[in-house]
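In what follows, a structure is listed as structure tokens, so that the remarks can point back to it.
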Amino acid sequence: MPSADLILKNARVITMDASSPLAEAVAVTGGKVAAVGRAADLDSLIGSRTRVVDCAGRTVVPGFNDAHLHLFSLARKLLGIDLSPVSVRSIVDIKDVLKREAAKIPPGTWLSGTDYNEFYLAEKRCPTRWDIDEAAPGHPVVLSHRSLHACVLNSYALSLAGIDRNTEEPPGACIERDLDTGEPNGILVNMLGHVRSRVMPPLTVAELDRAFSMANVQFLSAGITSLGDATYKNDPARWRLVKQYQDSGVLRSRVLMMAGPETRHEFQAAGMVTGAGDSRLRLGAVKFLLEVKPDQDELNQAALDCHRAGWQLAFHAVAESTVEEAIKALEYIKLHSPVAGRRHRIEHCGECPPALLERLKKLDAVIVTQPPTLYYSGERYLETVKPDQLPWLYRIASPLDRGVVVAASSDAPVAPVNPLTGIYAAVTRRAESGQVLLPGETITPYQALALYTVNAAYASFEEKTRGSITPGRLADMVVLSDDPARVPPERIKDIRVETTIIGGEVAWER
Ligand SMILES: [Zn+2]
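Using the working numbering, the letters of the sequence shown correspond one by one to residues 130 to 639.
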């Protein structure tokens, strides 16, 4: 065997490979894992050009795979003004920040604020157009809620959006109004996508460059070596852009890019379906949004067409009714064409009672869940989810016990990209507030690691090339400050990523 490019030694290697789960050292050659074993076994691979990293007893795991996030909205968010509870405590604070930021840019230029959360604001309410008008009347302003389900526009932005008291509610969305006058108060529900794509100017090249470099650092510092972009608007232009950022080294993580029911035709015209691309950039599933209630027959037909064209399908389904719509579509497909091995995905699967889980299992479907939302939104779920639905909320242990593959993700920018928060939440089911959601659904740290490694790789048909530290697989690895399986569960969320290795290269070090 030729000498190795890189050797990690003195490590506690959790390989996530059942045939040899633990090791002390890993050798890498040509971007792939060459050998895994005891330090002494690998000594013969040390040559004059081998980089040897002493891990000082720290833990090495396969690189994390965040199976569902949104690259371009994360990019937008990173360019915005942080209005999260860490930065502001009140609407008064928000006004101060906006006033300050508005003074830095010419009037008429858009200002974006992100992550406000009325729950943590002193006034215990969302800011309105009138609040923002006081701070920045000469700039169009959009503030996005942490959930991204709501946003607030000031009067300038509302007029650019053409929204006034006579505007009708778009389907599936809501324009909040002052109860006395009927005048929109600036708060828009489920309209942020519309505002960003139809009202705001597209990001400039310089803005995108800056945002992608920031996103890159976020991914690498969180140990994310692979990610899935689950945006239905992804098209060949975005594909080329991501490729360009990867080629120039701005974006180091590997990307699986989903398409949408419309844009998939553009990919197909170029001869591309699920699986096209290479180990750095690959085409994933066609994403179907079920939030705006589709006609079941139309959905069935559209899904069958995609399936027949060779695509993996990914259904965005949170509520029980939408999970059932996705299942019905898959059952319809199964009547006409085999689904076994096609790994069609249910994204989120927020409510999955036992009867639906049984049906899912028969369809060989994969669940892509978001443990971080248990942590960040658990408190709100406990307050707002109906008691009869609560027992089925983001279940993980039950599907795993039934043999359904579950992969995990952040859904960033909805939640921050930190797999260790997700692993913590999956193991403890604890919200940030400390409350526990469905204690019967806790899983072990190894199971939680699997969600972000082997299972995520399975969800994208890549388990033979990544997801475990196994000879022949891509050398994507992360050095952690501690072993999630050996620290008390409460401390899992404090574990730090020390080093991120992609294709055998140290891409990031703390
Ligand atoms: Zn999403």
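Note that beta-carbon positions come from the ideal geometry of N, C-alpha and C, so glycine has one too.
Quick one: is residue i buried, meaning 16 or more other Cβ sit within 10 Å of its Cβ, or exposed?
| i | result |
| --- | --- |
| V346 | exposed |
| Y504 | buried |
| Q441 | buried |
| D517 | exposed |
| I234 | exposed |
| H513 | With the sequence shown as reference, residue 513 is identified as Thr, and His is not the correct amino acid for it. That one is exposed. |
| A480 | The amino acid at residue 480 is misidentified as Ala; the sequence shows Glu. Flag for E480 reads buried. |
| V215 | exposed |
| R559 | buried |
| K138 | buried |
| Y575 | exposed |
| T571 | buried |
I'd like the span of the beta strand (DSSP E) that includes residue i, first residue to last.
| i | result |
| --- | --- |
| P191 | 188-191 |
| M386 | 383-388 |
| S355 | 353-358 |
| E638 | 634-638 |
| H477 | 474-477 |
| E627 | 626-631 |
| L282 | 279-282 |
| L308 | Here L308 belongs to no beta strand (DSSP E), and DSSP marks it neither H nor E. |
What residue does the alpha helix (DSSP H) around residue i start on, and which one ends it?
| i | result |
| --- | --- |
| R369 | 365-376 |
| K491 | 483-491 |
| T451 | 449-465 |
| A163 | Here A163 belongs to no alpha helix (DSSP H); instead the beta strand (DSSP E) covers 161-166. |
| E230 | 220-231 |
| S342 | 334-350 |
| E619 | Taken as a continuous stretch (DSSP letters only), E619 belongs to no alpha helix (DSSP H), as it is neither H nor E. |
With C-beta atoms as the reference, is residue i less than 7 Å away from residue j?
| i | j | result |
| --- | --- | --- |
| D530 | Q499 | no |
| G632 | G160 | yes |
| E252 | I210 | no |
| L321 | L277 | yes |
| A588 | V447 | no |
| V607 | T582 | no |
| I462 | H436 | yes |
| T333 | L609 | no |
| K362 | G389 | yes |
| S202 | T243 | no |
| A164 | A156 | yes |
| N295 | E305 | no |
| V281 | P299 | no |
| T144 | I598 | yes |
| T550 | K622 | yes |
| P528 | V535 | yes |
| G357 | V402 | no |
| L492 | T451 | no |
| P501 | A544 | yes |
| T360 | H199 | yes |
| A140 | T179 | no |
Any beta strand (DSSP E) of 3 or more consecutive residues that is wholly inside the segment 513-583: The qualifying runs are 535-537.
Please output, in chain order, the residues near ligand 3 using a CB cut-off of less than 6 Å to any non-hydrogen atom of the ligand. Ligands in the displayed structure: ligand 1; ligand 3 is not one of them.
Going along the chain, which unbroken runs of the alpha helix (DSSP H) with 4 or more residues stay wholly within the segment 413-453? The segment 413-453 contains these whole alpha helix (DSSP H) runs: 425-437.
Secondary structure, beta strand (DSSP E): runs of 3+ residues fully inside the segment 234-271: The segment 234-271 contains these whole beta strand (DSSP E) runs: 240-245.
Contained beta strand (DSSP E) runs [length at least 3] in the segment 135-163, N- to C-terminal order: Entirely contained in the segment 135-163, the beta strand (DSSP E) runs reaching 3 residues are, in chain order, 135-138, 141-143, 154-158.
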